[in-house]
Amino acid sequence: MRRAVSLVGVLMSKPFRQPRATVHAVVWQFRVLSAALCNWVRLALVGGAMLRQGRAPVIYHFGKFRLDSVRETLSSADGPVPLRDHALRVLKLLVERAPEVISKDEILNQVWGHESLSESSIAQVVKDIRQALGDSAKSPKLIATRYARGYQFVAALHDGEAIAAQEPKRPRWRLIAALAIVALLGTLLVRQWSPQITPAAPMQPTWLIRAIDDRSGESLSRAYAEYLGFVVRTATGDNRIGLAKPDEVVAGARYLDVSLSVSDEDPEKRFQLKLYDPSSEGVPAPTYFGQSGPMLADSIERIFKSIKISPQTRIESGVISQSAFATETLLRGMAAQFDGDTQRAIALFKACLAEDDDFDFARYELAIALRRQGEYTQALALLKTLESRHSSDFWAYRIENTKGIAHWRLGQYAEADASLTKAYTHSDTPNLRALIGTNLALLRRDQGQLEAAETSARAAIENADEKRYPGTAASAFNTLASILMRSGRLDEAVELLKKAQNLFQAQGNRAAYASVLSRTGDAFEQLGQYVQAEQHYRLAAGIREQLHDELGVAASQLDLARLLRIRGDFSQSRELAQSGLDVATRKGDTHLMVQGNASLARLEASEQRYADASVHAGEALHLAKQRGEPALLLQARHDLLAIELEAAPVDDSAALNQSEIDIDTLLVDATKADDPLQIAQSRLLRGLACVRRSDLNAARNHFSAAVELARSQREVGLQVRGLIELTRLDLADNPARSAKHLADAEKLHPPVYPFAVLKARVFAAQGRQQTALALANEAKLTSGDWWNQEDETFLQQLVADK
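For what it's worth, this note's numbering labels the leading residue of the sequence shown as -10, then goes sequentially.
Shown next as structure tokens:
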């Protein structure tokens, strides 16, 4: 009944009492109204939302209690049982896994994500649950403590489907009331048909909706503010209505502060909503609602009272659900999405659509969540459904932008470019243009168009309003930093990354914060600061694990695998690389699949397992060709050529000739692509081929050119590699020059291997055997798995010479 009354309230509001421009508008409104009413009647007849599609809610009965695991509500014969959100989730976990013993560590992971909490937090929550259920820790009938192991739900559980079938039917008076409302709504439509004269309204100041967390119960303030802003903008077609930060002040703007808490203490006061317009006098008392539908209608009505709507006003279909459960589940999913818990968000959005399949805003949010989880094909299928239902500018921007990102991650660059370009044409605010511009910059970066990418990123930064939309600005800073890193402008990049970190951290966007940490690790690695790089990679990995971001964790694993190989820990490096590759393969993320295969190829080459290395390098090249990303393809070609050159027998001139031809082709292609770092790598490879031919002058020229290019790009790793090759080249004929090269490398803080053992060789060439022996012993202790038979032979020779 309250759903229908709230619908009447919306129809009687000012936007809907204005004359309609065409008969089409009236007919359209009747269709929307009829659909909503039919939905209400259908719900009344079937006796429950979750039974509507033949789906039984997952309900557990134990003793006198009833736990609905989808709605996450607990009740007894006496009515709702009040439990905070974390307590409910702990109880749900124990019940769903009964009779398994759940460890405290797993409870922290599943419910809190180890967010700076100790195990004492769990003990307090379990105490609250027992108190609410009337259970005892000394003589437990429901929850038992298994010391040193965790907690176990020990009560008998009834079958959920059988309980669902026993759900009480709704009284037939609701059907009678629904039919009465049909007559009332018909009268309203007749009244709306008659033209009315409404004076033109002056432009009103901007409305900003702010989320203010209320700690008196489970807070959904941020999710509700976001959704309310979406609904109002859609209903009015007015982009002057936006979201603001809690402490934001914009001159000339009117504010609506939204503070929403949820409690099960009183079913008639389930939602406590505080709506406060700071421009008005006095502070209104909280408004209580038993269902989310009337709450949403009341919130919209308050805003509509002070905004004059043109005759072209429309409400996009699929934006509002008439189901209270669907609306509340959507808000819970959005809250989980804001917190970075993508898996939980996906489950809630699916439950929302199971309740109301016409709720397209939930479908849109589900597509975004699936895309973030790496389920790009599923996301595109949902977006295709949305595309078939909606053609307005409002939806086109959202659909095309999300499609573009999914295509991009799948390596479908033409499709991604087309979708993002369409999204940009439908962007009618600076913030939207900043969002799309950032994505276009990333796409062009991956296509090797660095100049165009930088232009797009800087335009996005200009469009982004850092105060009102910190997330958009932070994304633009992060994107520009990634582009500058490819151009060797690391100092600028690090400063931008610091800005992005601060903005994402202040916003509470942990997923984005982890992404920036990972990129900052890349910058430190490029600078040769391996300790700082590893710290950032591990911090990013920890956050991603808390958020259940599988692809993010896989990316961090590959980053760490690369560093551990450099450090000489081949075993752990292989474990991380294989784990990252397995996740990427399961998710179909070709970009990470290329990196995973390349990481394993380099590792196996380091162990001189060239056959296995060639297999992985070949697979990386195959995937890179499929993906079509120029920088990725050049790197994959380089890796395979490096392995083939190293594996070729010294006396195989035919293989050496072919390697030189292939390397020269790679060098030409890298030059055409204007990729300085890849040119430097190709030069190093060409120098190694010249060493094989004993053409030492040509080798020296190639190594020196590689060092200069790497220096111009601030790429420390390549500089060190070039200087080490020059050291080796001059070791026999010119020990003094060799020592000079090594000293230049030492200033760059090179990794232990091969620097340490090479330094011992330089001292041995200078006749300083005692120093060389001490350095060689130290190198053996610190080189890890890099230490090989050739190095051991050198060490034993020094021992013999002593």
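Virtual Cβ for every residue (Gly too), placed ideally from N, Cα, C.
A quick note: this is a predicted structure, and the numbers were derived from the prediction, not measured.
Beta carbon of residue i nearer than 8 Å to that of residue j
i	j	result
residue 427	residue 465	yes
residue 563	residue 592	yes
residue 628	residue 644	no
residue 276	residue 262	yes
residue 307	residue 348	yes
residue 549	residue 575	no
residue 492	residue 482	no
residue 553	residue 569	no
residue 485	residue 469	yes
residue 354	residue 329	no
residue 731	residue 689	no
residue 145	residue 114	no
residue 583	residue 625	yes
residue 691	residue 676	yes
Enclosing beta strand (DSSP E) for residue i [first to last residue]
i	result
residue 200	196 to 200
residue 57	54 to 57
residue 141	139 to 142
residue 133	132 to 135
residue 231	230 to 233
residue 261	260 to 265
residue 276	276 to 278
residue 348	First-last for residue 348: undefined, no H or E at that position.
residue 415	From DSSP, residue 415 is part of no beta strand (DSSP E); its letter is neither H nor E.
For residue i, the nearest candidate out of the options (CA to CA)
i	options	result
residue 667	700, 638, 620 and 690	620
residue 332	358, 307 and 344	358
residue 232	212, 251, 626 and 278	212
residue 373	388, 118, 84 and 603	388
residue 652	663, 679 and 403	679
residue 247	264, 709, 258 and 631	264
residue 413	445, 63 and 250	445
residue 394	476, 661 and 364	364
residue 310	341, 324 and 288	341
residue 795	767, 776, 761 and 751	Since the first residue of the chain shown is -10 and the last is 791, residue 795 is not available in this structure.
residue 135	124, 116 and 93	93
residue 530	565, 497 and 517	565
residue 128	143, 210 and 606	143
Residue-level contact to chain B via CB, residue i, 8 Å cutoff
i	result
residue 466	In summary, chain B is missing from the structure at hand, where a single protein chain is found.
Simplified DSSP assignment, three categories, for residue i
i	result
residue 374	helix
residue 174	For residue 174, the pLDDT reaches just 41, beneath the cut-off of 50, and the residue's location in the model is therefore unreliable, although a value from the coordinates is still provided. DSSP places residue 174 in helix when its eight states are reduced to three.
residue 552	helix
residue 785	helix
residue 353	helix
residue 309	coil
residue 247	strand
residue 314	helix
residue 547	helix
residue 90	strand
residue 27	In this prediction, residue 27 has a pLDDT of 41, which is less than 50 and means its spatial position is unreliable; nothing more can be read from the coordinates.
residue 69	strand
residue 408	helix
residue 191	Since pLDDT at residue 191 reaches only 36, below the 50 mark, its modelled position is unreliable, and the value read off the structure follows with that caveat. Three-state DSSP puts residue 191 in coil, outside helix and strand.
residue 776	coil
Contacts around residue i, its chain only, beta-carbon distance under 7 Å, and the 5 residues preceding and following it disregarded
i	result
residue 533	503, 541, 542 and 545
residue 423	449, 452, 453, 461 and 465
residue 687	679
Chain-order list of residues whose beta-carbon lies under 6 Å from that of residue i (same chain, five-residue window excluded)
i	result
residue 313	280, 281 and 282
residue 458	420
residue 709	734, 737 and 739
residue 774	557 and 559
residue 490	505
residue 362	331
Sequence-distant residues of the same chain with beta carbon closer than 8 Å to residue i, five excluded per side
i	result
residue 382	415 and 417
residue 96	79, 82, 111, 139 and 140
residue 121	63, 70, 71, 72 and 76
residue 744	709, 713, 731, 734 and 735
residue 673	691, 692, 695, 707, 710, 711 and 714
Residue interval of the alpha helix (DSSP H) (run including residue i)
i	result
residue 655	642 to 661
residue 692	685 to 701
residue 742	741 to 754
residue 537	Note, residue 537: premise wrong, no alpha helix (DSSP H); not H, not E.
Heavy atom of the ligand PLP within 7 Å of residue i beta-carbon
i	result
residue 684	Ligands displayed in this structure: none; no statement on the ligand PLP is therefore possible.
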